[in-house]
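One structure is given below, encoded as structure tokens.
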Amino acid sequence: AFRILGEGQLSLTKFLLITDAAIDLRNFRMVLEHVLARADFRSDLYIFGHLSMDTLDYTGPTVNLGSKGVLLGVGDALRDLPREFTGDPPPGVKNVQVFCGGCLVVDGPSYNSSADFGTLLAQIESLATWPLVVLVDDVSATCLSTESFLWTTFTRFEPAADIKSQQQRVEKNHVMHYRPIVIDARMKPWYPDEVTCYPDVAKKASARWREYFPEGF
Numbered sequence: 023a024f025r026i027l028g029e030g031q032l033s034l035t036k037f038l039l040i041t042d043a044a045i046d047l048r049n050f051r052m053v054l055e056h057v058l059a060r061a062d063f064r065s066d067l068y069i070f071g072h073l074s075m076d077t078l079d080y081t082g083p084t085v086n087l088g089s090k091g092v093l094l095g096v097g098d099a100l101r102d103l104p105r106e107f108t109g110d111p112p113p114g115v116k117n118v119q120v121f122c123g124g125c126l127v128v129d130g131p132s133y134n135s136s137a138d139f140g141t142l143l144a145q146i147e148s149l150a151t152w153p154l155v156v157l158v159d160d161v162s163a164t165c166l167s168t169e170s171f172l173w174t175t176f177t178r179f180e181p182a183a184d185i186k187s188q189q190q191r192v193e194k195n196h197v198m199h200y201r202p203i204v205i206d207a208r209m210k211p212w213y214p215d216e217v218t219c220y221p222d223v224a225k226k227a228s229a230r231w232r233e234y235f236p237e238g239f
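Quick note on this note's numbering: the sequence shown kicks off at 23 and runs consecutively.
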């Protein structure tokens, strides 16, 4: 982990998932499920604050400053992952959707309206069985595809500022986290507007995609 976070272009990594299993890394849902089934958040989640950050990442307090995170998911599974949400949405939440086993995506009030909503979510008892909860502005758009989930989640949070947990305890200078882990991936006031592609350009690119990438990308 430290080799990756400290070497060349690899040091631009913001959040690193580590496993010891030979699994298809192109299948992100499979990777995330594998890690979430094995992660002990008391010992396997590391958040490093006050570090350099990619110049094009605007989630930190200022340009080139931010934080990084590492989550280990190694060894035998510690839990069976929930795959269905039952019951009513938590107060303040309108929409709930399961992205994959163990990962729940929810929406809530805007960051401007309730900056601490992620902290409040981590205290909701009905979410305690979910290792990971991602708080977003638009659940449907986030869960539209794996790519949408990755883009929405990982471009809109800074590990040290936007990862919340039900409880934290310090032991031997290590912060132990207790699930659920909540990632606040809502748009923040200091973020630039999202850049979107013109529909006609996207249509042309999609029509010729296989011509340029016959084996996929």
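Built from N, CA and C at the ideal position, the CB exists for glycine as well.
This structure is a prediction, so every number in the text was calculated from the model and none was measured.
Under a CB-based cut-off of 8 angstroms, is residue i close to chain D?
i	result
A44	Here there is only one protein chain, and chain D is not present.
Any idea which residues DSSP pairs residue i with across the strands?
i	result
T84	L87
Y68	V92
V217	None, per the DSSP bridge assignment.
D129	V158
L73	G88
I40	L94
Less than 7 angstroms between the CB of residue i and some heavy atom of the ligand NAP, yes or no?
i	result
V128	The ligand NAP is absent from the structure shown, which contains no ligand whatsoever.
Is it right to say residue i is buried, meaning 16 or more other beta carbons lie within 10 angstroms of its own, or is it exposed?
i	result
P153	buried
Y234	exposed
H274	Since the displayed the chain opens at 23 and closes at 239, residue 274 lies outside it and no answer follows.
Q190	exposed
K226	exposed
L78	exposed
I45	exposed
H199	buried
T174	buried
S162	exposed
V127	buried
P181	buried
Q31	exposed
A224	exposed
R208	buried
K186	buried
Roughly how many angstroms separate the alpha carbons of residue i and residue j, rounded to a whole number?
i	j	result
G97	R201	19 angstroms
L67	L54	14 angstroms
S89	F176	13 angstroms
Y133	W212	11 angstroms
G82	F70	13 angstroms
Q119	T108	11 angstroms
Y220	L47	30 angstroms
K210	C125	22 angstroms
G238	T41	25 angstroms
R105	R51	12 angstroms
A183	A150	21 angstroms
H72	E169	28 angstroms
I think residue i touches residue j, with their Cβ atoms under 8 angstroms apart; what is that distance to the nearest whole Å?
i	j	result
K129	N117	The sequence as given places Asp at residue 129; Lys does not occur at that position. D129 to N117, Cβ: 5 angstroms. Contact.
V155	T164	In fact, because the Cβ distance is near 12 angstroms, the residues do not count as touching under 8 angstroms.
L93	A61	6 angstroms
G91	F24	Their Cβ separation, rounded to whole angstroms, is 13 angstroms, which puts G91 and F24 out of contact at 8 angstroms.
F179	I205	5 angstroms
S148	P112	6 angstroms
Going by DSSP, what residue range makes up the alpha helix (DSSP H) through residue i?
i	result
F24	24-27
S162	161-164
S170	168-176
V53	50-60
F121	Note, F121: premise wrong, no alpha helix (DSSP H); beta strand (DSSP E) at 118-122.
L142	139-143
Please list the terminal residues of the continuous beta strand (DSSP E) segment that includes residue i.
i	result
P202	196-206
V192	185-193
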